[in-house]
Ligand SMILES: Cc1cc2nc3c(=O)[nH]c(=O)nc-3n(C[C@H](O)[C@H](O)[C@H](O)COP(=O)(O)O)c2cc1C
Ligand code: SF4
Ligand code: SF4
Ligand code: FES
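Protein chains in written order, with the numbering used here: chain A, 1 to 814; chain B, 1 to 442.
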């Protein structure tokens, strides 16, 4: 937004607070204007990201002049009072009336409070405790009987409420309603018995519930995960970046004696503001899982893994890889959870040490069309490439945001919250999807009904329909967000790019994993070198080769992840370097398993023992995010660096491990540390040559339905729910219990055709699955939705491949 | 003692045969004011009500015509009229008898008011416990629809109005106008932050007028008889007639309609005097939320200005009369228990303060008061009054501070002697005479 100087001047008003004059924008609340002059007015219900309520009355100030020369008759709640030009405000510092009013409210707040600070989780970081000290009386005159409640109640499996500590400031309920859109907690009862409650059988199930614990100004809300575990003053806090999605949420990691005790949201107005998802908050117990790999291991002649020293493991890995390189080549599968720097190391390692472009980060269904799209429209865009990208702020300022193949509440929580905020301020959200999900409804999305596979066709018509649908034609104020699963919808990514080009709308690709966007920049793709350099471009190769001190780089684009697995399974590739890939996440789990079994030499870089470990010849434990510095690149292309939380000498990041092997191979990477890798990335810079054109995809043949007879044939729509069977969520039972139940969602037509069953069985080419049914009114005919990874080994392993059509029958499997 | 001649208006038809029926109401010219109004523009109706000097009868006394004039007519949202029939203030008993005796007076007033503010939807929000009143109102509304006083094209004027009778769930706070709106919208009844004011964003975030039953019921007479007639009644700044509810220790408790400015002495005379053999000790001018007064104030004109000057408020003109048998401590304790029970809980001073006040007052009532308790009560009231979110919290302090002002020694007695010893409760009861005969409670 541009503001002219005149407007700036008229939009400012001058107020005097405790004798200090200050200019603030009009409509600023007095409590915040006071912050500008360094005056902290005590407060409880006030929260800058929530609408004011004026409930606690702690922030009372005296207003001898409301700006019109007249005094306001009684003390005013500064958290609800907007400034007026010429207003004079006296806070507790200069007004006896304000001071007495505040002391009075504080005394009243404490009469029914248990004062159990010594056993309260919040003690030591409690706004009530702190402000009672700074703005309260030393002792209480209350001599009566306190109100009590039976000890805590579960608002959800994770969130507990100790009602006697609650000061009913409504921060939690306002958060749930305004920010998360999950108003499952509410005030109940009245007077001194007023409390926070849930409806019977409707617990506070929100993906963002944990935020209420953090903003509760007392210790009334606690988590199963942290309750009674630690005291704030025993903790050391380190800033971090959440590793569970591509949003880059700022977090605070609180730890004690080398162990993470809890995680909180950081405060980053440009990214996650002050909110994180429960996954970001509670899913950290994987760090201390008992199956963490403790030391390097090397498979002996006896076929069994034996502990090894790092140098020995490097040497064995190097020998095996050299042999495999000569015997057909080595493919590199990196998975999506790497830091930018680690991804970069894999990229260089593949080219320099293994002499191949067979490298791909996509541990999920992908396509050639997507490979082309990433090179043409994603790589080397955004701040990571020194360019302007689409930002969270752009979402908030957009007139229209189009979501295609993306369910933000499940796949990108921070985007979801920002879209919700935007939609409450007037942004229109269009969801190109098979049905209006609860998440889409919460961002007031309008559904553009689209069966899976039809996204391309719908997007091609959207430029013409946008005005009718959203009230305005798409233009450069608008944003199109495409999800990673569009890779499985032929023509969709191409159509999205065309839509953006035709309308001027800004396009952003939103992957699901924290490392995905960084891996694109790092060149963990068969067609791309770091910085968006096309492998096929000779001068791009020269650039990279020069930076890496090698004569030349492999010229032909490599195999993608699916092709790497197929080639290894077929014996065409002799070796595999695998960085934390779960076969069940891949396009074809069976092929990936076959590849692991068939490859003559497998190097696994892993955190915890996995299926890959069983096939690996060398197992190299790598450092979790807490043990290393690094960066994640967000979907916006924003680089989010973080430092190590712990210093653990034997815990090496992937890049250090790869550097060690490369040195043994005689092809050093030119870096051993994160800083050195960053220097090299910086020196190499971004490609400023011509972008590769995205290849025009060939029309795909519609997949055949499973041949079993009976029932109805439905197209499969699927994505992963935020909380599901993902291994990084292991170890927190309460978190597990807040998962949404796995159901098969059907439209009315299919449901009726099947005879209104309570359960259906889905038959795919990889197996069958029986699930309870939920009917969804908005579901496009001919579609069934099933969560991708919420039961068993997930759909790709147990049911069908991407884009499948399923035969669906009523009742359980026989 | 001369009692001024009383000319009942609101209560005029209360003694008619089946006064609550449409037939009875129409027989006396009911609903004629509609035609008068429809011959005027809505703005002229507002002007007439402004000129009449009618002030809100729900407690605050805000000029009614001015309130209607605040409705922004250029606002594209629908306009709403909401009648506050939640009557719950201790001692207040005027709206409910009015709606029982003559619901059509209210319905006619609703039509006039809605026409003036250009609303096509109106609501009467009735206190939930009074089911008999709800039924009577519902029947009256039905009759009005059938007779063409409500619905489309009323009296051929082209004006349309739909009227809904909504029963609340019986919470005092839902009489506070913004809590009422939340409750009417189906939410938890708690006061809203202002601004925005209801005139701009009230019911369903649309311009809304909220008026008391008696305010609205006064409008037909103003339209029928003219603003000048109305403003000729009452005192200089408090125009018109009102219903006074007399309760407690008077011979004939009940509703007395009189112009503003009548004195308590005159009203008590009308009610047959204070209970036989007793004398006035203290009274409330407008319910328990208005500071209590004593026999010093018997000849004070009951209008907004004079009562205000005496340090109290005219409020709802709920005159609760207490004779010398009543312990002011006990009475104040009962009221405070009411506020504690009815506090909505939203804000700290009222929620926690009433909890504490009750405990301290209970101690004094039991003769177990401690030195400093009176000062503490006053200081607590100081920390609640003007610090609460809405007027309920303010009102909770009124009986305490005024009682201490006039009867401090009774609170001091509470340091040593239970109130039931000083003021045996039985002596305040209606059957005290019979008990006395049996030697009880003498
Ligand atoms: C706690 C509380 C309870 C109230 N109860 C009532 C009530 O029962 N009836 C009523 O008309 N006004 C009540 N009021 C006053 C209303 O808020 C409002 O001022 C009134 O309905 C406006 O109507 P009027 O202008 O016609 O008087 C109450 C106010 C408060 C603070
Ligand atoms: S639980 Fe905490 S946040 Fe919620 S109302 Fe109570 S004190 Fe406020
Ligand atoms: S003063 Fe506060 S707690 Fe009391 S009724 Fe009003 S808003 Fe509720
Ligand atoms: S912080 Fe202002 S009323 Fe609570």
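C-beta atoms are modelled at their ideal positions from N, C-alpha and C, and glycine is treated no differently.
Check, Outcome
"Contacts that residue 129(B) makes with chain A (C-beta to C-beta distance below 8 Å)", "Those do not exist, as residue 129(B) stays about 16 Å from chain A at its closest Cβ, beyond 8 Å."
"Under the three-state DSSP convention, the category residue 99(A) falls into", "helix"
"Residues of its chain near residue 272(B), where Cβ-Cβ distance is below 6 Å and the 5 sequence neighbours each way are ignored", "251 and 252"
"Runs of beta strand (DSSP E) lying entirely within the region 682-732 of chain A, each at least 3 residues, in chain order", "712-717"
"Contact residues within the region 332-365 of chain B, judged by C-beta distance below 8 Å to chain A", "340, 341, 342, 343, 344, 345, 346, 347, 348, 349, 351, 352, 353, 354, 355, 356, 359 and 360"
"First through last residue of the beta strand (DSSP E) which encompasses residue 279(B)", "Element bounds for residue 279(B): n/a, residue is neither H nor E."
"Residue 237(B) at chain A interface by Cβ criterion, 8 Å", "no"
"Beta strand (DSSP E) runs wholly inside the region 445-503 of chain A, at least 3 long, in chain order", "446-449 and 479-483"
"Bridge partner(s) assigned by DSSP for residue 608(A)", "292(A)"
"Residue 716(A) beta carbon less than 8 Å from that of residue 806(A)", "yes"
"Separation of residue 293(A) from residue 257(A), as counted between CA atoms", "20 Å"
"Ligand 4 site residues, beta-carbon cut 6 Å against heavy atoms", "43(A), 44(A), 45(A), 46(A), 54(A), 55(A), 56(A), 57(A), 58(A), 59(A), 77(A) and 79(A)"
"Cβ shell of residue 337(A) (< 7 Å), same chain only, five flanking positions each side left out", "243, 513, 514, 515 and 580"
"Amino acids of chain A, ordered along the chain, whose beta-carbon sits closer than 9 Å to that of residue 317(B)", "Chain A residues near residue 317(B): none, gap ~24 Å exceeds 9 Å."
"Residue closest to residue 143(A), alpha-carbon to alpha-carbon, out of 434(B), 376(B), 339(B) and 402(B)", "376(B)"
"Start-end ranges of the alpha helix (DSSP H) lying completely within the region 27-62 of chain A, minimum 4 residues", "30-36"
"Same chain, Cβ closer than 7 Å to residue 469(A), five either side skipped, listed in chain order", "430, 446 and 448"
"The alpha helix (DSSP H) enclosing residue 383(B), as first and last residue numbers", "373-384"
"Buried versus exposed, by CB contacts within 10 Å (16 or more), residue 195(B)", "exposed"
"CB contact below 8 Å: residue 440(B) versus chain A", "Its pLDDT being 42, under 50, residue 440(B) is placed unreliably by the model, and the measurement read from it follows with that caveat. Chain A contact via Cβ: absent."
"Contact test: residue 126(A) Cβ vs ligand 3 heavy atom, cutoff 7 Å", "no"
"8 Å Cβ cutoff, residue 389(B) in contact with chain A", "yes"
"Same chain, Cβ closer than 8 Å to residue 383(B), neighbours up to 5 away in sequence not counted", "349 and 353"
"The region 178-202 of chain B: positions lying closer than 7 Å to chain A by Cβ", "188 and 193"
"Residue 167(A) CB to nearest heavy atom of ligand 1 below 7 Å", "no"
"Amino acids of chain A, ordered along the chain, whose beta-carbon sits closer than 8 Å to that of residue 273(B)", "By Cβ distance, chain A contributes nothing, its closest Cβ being about 39 Å from residue 273(B), past 8 Å."
"Buried versus exposed, by CB contacts within 10 Å (16 or more), residue 344(A)", "buried"
"Element boundaries [beta strand (DSSP E), containing residue 195(A)]", "195-197"
"Residue burial classification, residue 87(A) (beta-carbon count within 10 angstroms, cutoff 16)", "buried"
"N- and C-terminal bounds of the alpha helix (DSSP H) containing residue 323(B)", "First-last for residue 323(B): 318-323, but that is the beta strand (DSSP E), not the alpha helix (DSSP H)."
"The region 55-75 of chain A / the region 33-42 of chain A touching (three or more Cβ pairs under 8 Å)", "yes"
"Neighbour-count burial assignment, residue 439(B), 16 or more Cβ in a 10 Å radius", "Its pLDDT being 46, under 50, residue 439(B) is placed unreliably in this model, and the value from its coordinates should be taken loosely. Exposed."
"Rounded C-alpha distance that separates residue 605(A) from residue 151(A)", "47 Å"
"Status (buried if at least 16 other CB within 10 Å, exposed otherwise) for residue 4(A)", "Residue placement at residue 4(A) is poorly supported in this model, since its pLDDT is 42, which falls under 50; the coordinates still yield a value, given next. Its Cβ having fewer than 16 others within 10 Å, residue 4(A) is exposed."
"C-alpha distance - residue 485(A) paired with residue 353(A), whole-angstrom precision", "32 Å"
"Beta carbon of residue 414(A) nearer than 8 Å to that of residue 249(A)", "yes"
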